[in-house]
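Numbering (this note's numbering), first residue to last: 8 to 531. Using N, Cα and C, we set each Cβ at its ideal position, and we do this for glycine too.
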């Protein structure tokens with residue numbers, strides 16, 4: 008191939024597109040007992056039955072709970088008043104890795120809201136390093152993990168009371184993956200919730216003094232508190248983050264598989280990408296113009312609010328063609344007069360998806376990706392000075408904002424596919440935040456009706472207050488009037504957008520055209 012400088016640059020872009028389109032990282036298969044550091048079957052005693060090589064973390068039974076023939080003909084019944092099992096500090100419970108998992112079978116005597124105290128420890132600890140517990144105030148069964156730097160998620164991954172009962176045994180599994188910045192919780196073999204942990208130091212904090220059925224106190228002798236009313240069986244701790252394959256195996260359709268019964272090799276559950284059936288109402292490819300190529304047509308072409316001397320070259324080359332270049336905007340400018348941004352008169356529907364590819368040129372408080380005319384702090388997405396991405400619909404709900412720490416995935420000058428989905432359910436809103444095709448956080452918040460105008464890279468609220476301008480490259484901005492599924496978001500994050508999706512040969516042909524190159528036959 009004879010290919011000059013421009014041709015080689017174009018071919019490099021083709022290669023980047025192929026990588027984006029075809030590579031979905033896969034976790035290798037692993038044996039169930041890999042990384043198993045502690046295992047309490049609770050079959051008549053509190054002995055640790057973890058495989059050879061692990062420290063024997065035998066528990067100290069306090070105040071005579073009852074041994075029962077429960078799950079796997081084992082278990083211990085706690086009164087929720089004084090009883091529990093203390094697990095002293097040990098080297099292997101100080102995980103020392105960026106992953107941890109806690110698994111247990113539980114049978115509740117009361118729902119979380121009926122606890123006598125604020126919390127009820129299932130597998131709890133003095134310093135909350137990694138714990139499963141009932142949370143009275145939030146009426147959930149929750150999992151929490153804390154990093155070596157003392158960082159944990161803002162709203163911990165939880166199973167809502169609506170999924171719980173006091174009649175049967177249920178499997179619960181909490182996982183933490185510090186490299187992905189995520190805590191997850193599984194209930195009866197299914198994923199339920201995820202919360203983000205905003206730090207690049209994902210090591211699990213050391214100093215674990217644990218308890219089963221209660222939380223050990225920090226005073227001498229570690230007196231127990233935060234008692235759990237109910238029964239617990241088959242408790243296990245791993246120094247790695249397990250996933251859906253392990254949750255499904257351990258639940259086994261309700262019959263269950265005890266952790267110690269077998270050591271199967273489990274292949275992680277892969278999510279295949281699915282092309283969305285829905286078409287975007289708004290699609291800005293930003294290939295040299297602000298035209299809408301979505302189903303809404305020219306009525307939803309974007310309007311440029313142009314500040315003199317800013318971003319005179321409004322478009323720049325990206326791996327997907329061209330993108331909107333707002334890198335000439337000033338940092339930390341909460342005024343609409345000294346930088347550029349876009350608007351479109353479009354009312355968001357009761358369900359929807361907003362997605363884009365965004366490359367940050369700088370981090371500052373509070374860089375706007377998109378916002379809305381209803382309020383300066385509602386229906387918006389922005390980035391903080393530390394690189395934390397956030398999105399929300401309701402400014403008045405404490406748990407409304409969804410977060411993810413972008414430096415975990417490369418930070419500045421790294422393109423990220425970002426998607427926010429929502430589904431209205433009466434007075435509530437179920438929302439999700441995805442980054443690079445992966446679900447990062449979700450929540451339920453109170454529905455707030457959006458305004459009639461949406462902004463990109465800045466904007467003005469109903470009261471006239473301005474959001475900070477964005478400074479970066481915006482590409483492939485889309486709005487759907489349905490909430491895309493996780494599989495559809497994965498497809499959107501990893502495929503080559505139209506018209507680049509015509510294939511490798513089309514891309515190569517375009518590259519050769521760009522540089523005057525040609526293919527030369529090999530001599531016979």
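- Bridge partners of residue 481 according to DSSP: 331 and 365.
- Checking the DSSP bridge columns, you'll see residue 183 partnered with 107 and 190.
- In this structure, the straight-line span from the alpha carbon of residue 278 to that of residue 497 is close to 8 Å.
- DSSP places residue 57 outside both helix and strand once states are collapsed to three, so it counts as coil.
- The C-beta distance from residue 148 to residue 126 rounds to 11 Å, too long to meet the 8 Å contact threshold.
- The C-beta distance from residue 267 to residue 46 rounds to 6 Å, short enough to fall under 8 Å.
- As computed with DSSP, residue 234 is found in no beta bridge at all.
- Closest by C-alpha distance to residue 230, out of 380, 67, 200 and 444, is 67.
- Setting aside the 5 residues that flank it on each side, residue 422 is surrounded in the same chain by 325, 326, 364, 365, 366, 480 and 482, each with a C-beta closer than 8 Å to its C-beta; the list follows chain order.
- In its chain, beyond the 5 residues on either side, 203, 204, 412 and 415 have a beta carbon closer than 6 Å to the beta carbon of residue 188.
- The Cβ neighbour count for residue 440, taken over all protein chains shown within 10 Å, is at least 16; the residue is labelled buried.
- Here residue 216 carries a coil assignment [DSSP, helix/strand/coil].
- By the beta-carbon neighbour count (other beta carbons within 10 angstroms, threshold 16), residue 409 is buried.
- Per DSSP, residue 92 lies in no alpha helix (DSSP H); the unbroken beta strand (DSSP E) holding it starts and ends at 91-94.
- With fewer than 16 other CB atoms across the displayed protein chains lying within 10 angstroms of its CB, residue 169 is exposed.
- Among the bridge pairs identified by DSSP, residue 448 is matched with 440.
- Within a 10 Å sphere around the beta-carbon of residue 180 sit 16 or more other beta-carbons, which makes this residue buried.
- Taking the C-beta atoms as reference points, residue 484 is found no nearer than 8 Å to residue 256.
- Per DSSP, residue 210 lies in no beta strand (DSSP E) segment and is marked neither H nor E.
- By the beta-carbon neighbour count (other beta carbons within 10 angstroms, threshold 16), residue 122 is buried.
- Sequence-distant partners of residue 252 (beyond 5 residues in either direction) whose C-beta falls short of 8 Å from its own C-beta, in its chain, are 273, 274, 275 and 276.
- Separation of the CB atoms of residue 310 and residue 351 is rounded to 7 Å, and the pair is thereby assigned contact status at 8 Å.
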